[in-house]
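Everything on this sheet refers to the single structure shown next.
Residue numbers (this note's numbering): 13 to 302.
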């Protein structure tokens with residue numbers, strides 16, 4: 013069964029071509045009234061709850077994983093305002109990615125970096141243009157992570173701009189197919205460490221999007237009843253946009269996981285994966301990428 017689903021992390025507000033997440037226009041509106049994510053229904057093939065007897069087949073005792081990674085900077089010009097990232101910034105982003113996944117036993121090998129000046133690829137919101145770009149730039153096997161840093165990532169169904177987009181993994185993907193090339197994460201260039209994205213400039217957007225590529229849902233994915241298919245992630249009814257403790261599911265154990273990398277909290281307060289999320293990552297990897 014194939015279960016490709018694109019995951020969108022969206023943001024609100026426009027400023028000089030960039031979009032600002034967090035304390036900006038529209039922040040006071042209830043989160044349920046905003047289209048922050050275009051995930052839609054969860055892929056059926058990923059609906060097996062880790063830690064409650066519903067494990068995926070595979071080696072759940074795997075203790076480490078090294079992921080070859082290619083970084084593609086796709087900019088409209090050679091300035092920061094054009095989305096161009098210098099090697100020092102890429103190194104900082106890659107270090108931030110490695111640091112957040114280190115407790116899970118996952119590390120990343122930077123296999124290559126390229127810089128592409130192409131205004132269409134840097135700004136288009138057309139999925140057809142995205143696929144053309146990926147077919148031209150993607151490197152490696154289906155195990156290989158490809159990161160595309162772009163000036164604009166896309167627009168949600170309600171018109172909000174997006175911080176990132178990364179498809180869930182599929183099983184039995186044929187090399188050279190559209191599904192093969194679409195694999196990989198598009199990320200807004202202003203979310204890297206030192207970027208201009210308010211509350212999202214410590215590099216955690218990359219962590220979040222790569223989490224989707226590993227098969228993780230948002231912590232608020234199923235609300236108070238269904239959850240995110242991981243047993244040790246406390247239930248959460250809606251995304252968090254602040255660092256304040258809260259409990260949106262008072263009838264369920266635990267406070268909201270506002271510090272989890274798969275929530276929408278500001279970069280300054282997200283830093284965690286649960287043991288159950290780690291198990292799920294390795295199970296999904298075994299199922300889809302081995």
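Beta carbons are placed, not taken as given, at the ideal position from N, Cα and C, and that holds for glycine.
Using 10 angstroms around the beta-carbon of residue i, count the other beta-carbons present and answer buried if the total reaches 16, otherwise exposed.
| i | result |
| --- | --- |
| residue 147 | exposed |
| residue 134 | buried |
| residue 78 | exposed |
| residue 238 | exposed |
| residue 207 | buried |
| residue 194 | buried |
| residue 290 | buried |
| residue 183 | exposed |
| residue 138 | exposed |
Using the Cα positions of residue i and residue j, report the straight-line distance between them to the nearest angstrom.
| i | j | result |
| --- | --- | --- |
| residue 244 | residue 164 | 35 Å |
| residue 128 | residue 96 | 9 Å |
| residue 298 | residue 181 | 11 Å |
| residue 91 | residue 143 | 25 Å |
| residue 257 | residue 236 | 17 Å |
| residue 201 | residue 213 | 9 Å |
| residue 221 | residue 197 | 6 Å |
| residue 296 | residue 74 | 12 Å |
| residue 173 | residue 167 | 4 Å |
| residue 240 | residue 250 | 12 Å |
| residue 192 | residue 145 | 13 Å |
| residue 188 | residue 105 | 29 Å |
| residue 99 | residue 126 | 10 Å |
| residue 93 | residue 262 | 44 Å |
| residue 169 | residue 292 | 29 Å |
| residue 278 | residue 211 | 5 Å |
| residue 175 | residue 136 | 14 Å |
| residue 234 | residue 242 | 11 Å |
| residue 281 | residue 152 | 33 Å |
| residue 246 | residue 122 | 33 Å |
| residue 107 | residue 140 | 32 Å |
On the DSSP bridge assignment, give the partners of residue i in chain order.
| i | result |
| --- | --- |
| residue 127 | 85 |
| residue 110 | Paired residues: none, contrary to the question. |
| residue 119 | 78 |
| residue 159 | 83 and 197 |
| residue 132 | According to DSSP, residue 132 bridges with nothing at all. |
| residue 173 | 167 |
task = Identify every run of the alpha helix (DSSP H) within the region 220-298, keeping only runs that are complete inside it and at least 4 residues long; order them along the chain.
result = 235-238
key: Cβ contact (3+ pairs, closer than 8 Å) linking the region 221-228 and the region 284-293   = yes
query = Does the region 81-90 come close enough to the region 152-163 to have 3 or more Cβ pairs within less than 8 Å?
reply = yes
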